[in-house]
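Trainee: Got a structure for you, written out below as structure tokens; questions coming shortly.
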Amino acid sequence: MEIPVYILDAFTNLPFKGNPAAICPLMHELRDDLYQRIAAEMNLSETAFITRVNPSENFTTGSRFRLRWFTPTTEINLCGHATLASAAVLFKHKKNVNPKLVFETRSGDLAVTQQGEGYVMDFPLNPPTQEDANDFRDVIKAAVGNHPIQDVYLCAQTKKLLVRLSDSCDRSVLTSLKVDPVALQRSETSGRVKGLIITMKGSPEIQPGYDFYSRYFAPWNGVPEDPVTGSAHTVLGSYWSNKLGKNKMLAYQCSSRGGELQLEVRPDGRINIFGESVTVLQGTITL
């Protein structure tokens, strides 16, 4: 069996920046264990599998597809960068003729449209609720050490914990954090947390005008640090929209690769996430 595979860097227009995702368009569903083994072989934060909803359509004519995302160790409920990359494969490489694509996923229908050089994803908004920092002191200590923090929020829906560094911190505090994924995973074993967002207020007055910065760690799902994370911004977008009093924001994820996301929190309780992507590899998996 031969399976086509594309690797795209998402939330960037430069190769080797942003977040790489492996995308496999499939004519037929595979067994779940095979999806997982392919994802482990790709060893990227996510490998995505696209299948047709309507067997009479193909990747060029269809407008609805099924989409599943796997880390090297598990299937997950929501992934932004691999959704962006999946749409890019269909629009760019399969020459899909539709103005909008809809992916049926574990998080419901996710629509993606082309806009200029990039893509707009219609995602759920996942508002977090404020928590007592003492309830998460071990995981906070493992992540940020003794640096001052000013907010701790948890999104129970996505099991993402948001820790905001104090406004007194320079951006270099965030970029220089050395987070041990083993220690982080050991510090939180209750099951309440499957991902950790560390964020801080941005510098909108300095071009390009980022409203906030973040990094994201998910060793509980086999991802020590994710370079640029669309799903985390469904939480971050809600949090910062409330704190900054604005619906449109420009965000930067400060991993070593780095990536940029444009966000628009909508009145209907969803969020538009815009990003670009670039293809770095096309090939075939032979089984």
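Here the sequence shown stands for residues 22 to 308, numbered as in the numbering used here.
We put the beta carbon where it would ideally sit given N, CA and C, even for glycine.
Please read these numbers as outputs of a predicted model, since none were measured by experiment.
(1) Drop a sphere of 10 angstroms on the beta-carbon of K222, count the other beta-carbons inside from all chains shown, and report buried for 16 or more, exposed for fewer.
(2) Let me know if F124 comes out buried or exposed under the rule of 16 or more other beta-carbons within 10 Å of its beta-carbon.
(3) Residue ranges of each beta strand (DSSP E) run of no fewer than 3 residues wholly in the region 188-252, ordered along the chain?
(4) Any chance the region 126-136 sits against the region 60-74, with 3 or more Cβ pairs inside 8 Å?
(5) To which residues does DSSP link W90 through a beta bridge?
(6) Any idea if T81 is buried or exposed, counting beta-carbon neighbours within 10 angstroms, 16 or more meaning buried?
(7) Would you mind sorting A154 into buried or exposed? The rule is 16 or more other CB atoms within 10 Å of its CB.
(8) In whole angstroms, what is the alpha-carbon distance linking C45 and K116?
(9) Where does the unbroken alpha helix (DSSP H) through F274 begin, and where does it stop?
(10) Can we say the region 248-259 touches the region 135-151, given the rule of at least three CB pairs closer than 8 Å?
(11) Using three-state DSSP, classify K113 as helix, strand or coil.
(12) Just to confirm my understanding: we take W90, look at its own chain, exclude 5 residues before and 5 after, and list those with CB closer than 6 Å. What are they?
(13) When the Cα of F86 is compared with those of E50, G216, T305 and L65, which residue comes out closest?
(14) Given this structure, state the Cα-to-Cα distance separating N263 from L308, to the nearest angstrom.
(15) Quick one, are the C-beta atoms of L284 and R236 less than 9 Å apart?
Mentor: This is what the structure gives:
(1) Around the beta carbon of K222, a 10 Å sphere encloses 16 or more other beta carbons of the protein chains shown; the residue is thus reported as buried.
(2) Classification for F124: buried.
(3) The beta strand (DSSP E) runs of length 3 or more contained entirely in the region 188-252 are, from start to end of the chain, 216-222, 233-239 and 244-247.
(4) Contact between the region 126-136 and the region 60-74 is absent, because fewer than three Cβ pairs lie under 8 Å.
(5) Per DSSP, A69 and I97.
(6) T81 is exposed by the Cβ-count criterion.
(7) Exposed, by the Cβ-count rule.
(8) For C45 and K116, the distance between alpha carbons rounds to 16 Å.
(9) Here residue 274 turns out to be Gln, not Phe, going by the sequence shown. Judged by DSSP secondary structure, Q274 falls outside any alpha helix (DSSP H) and instead within the beta strand (DSSP E) spanning K269 to Q274.
(10) Cβ pair count under 8 Å is three or more, so yes.
(11) Looking at K113 - three-state DSSP - the assignment turns out to be helix.
(12) Apart from sequence neighbours up to five positions away, the residues of its chain that approach W90 with a beta-carbon distance below 6 Å are E67, A69, I97, C100 and A103, ordered along the chain.
(13) Among E50, G216, T305 and L65, the Cα nearest to that of F86 is on E50.
(14) Straight-line Cα distance between these residues: approximately 49 Å.
(15) No; because the gap between Cβ atoms is not below 9 Å, this pair is not in contact.
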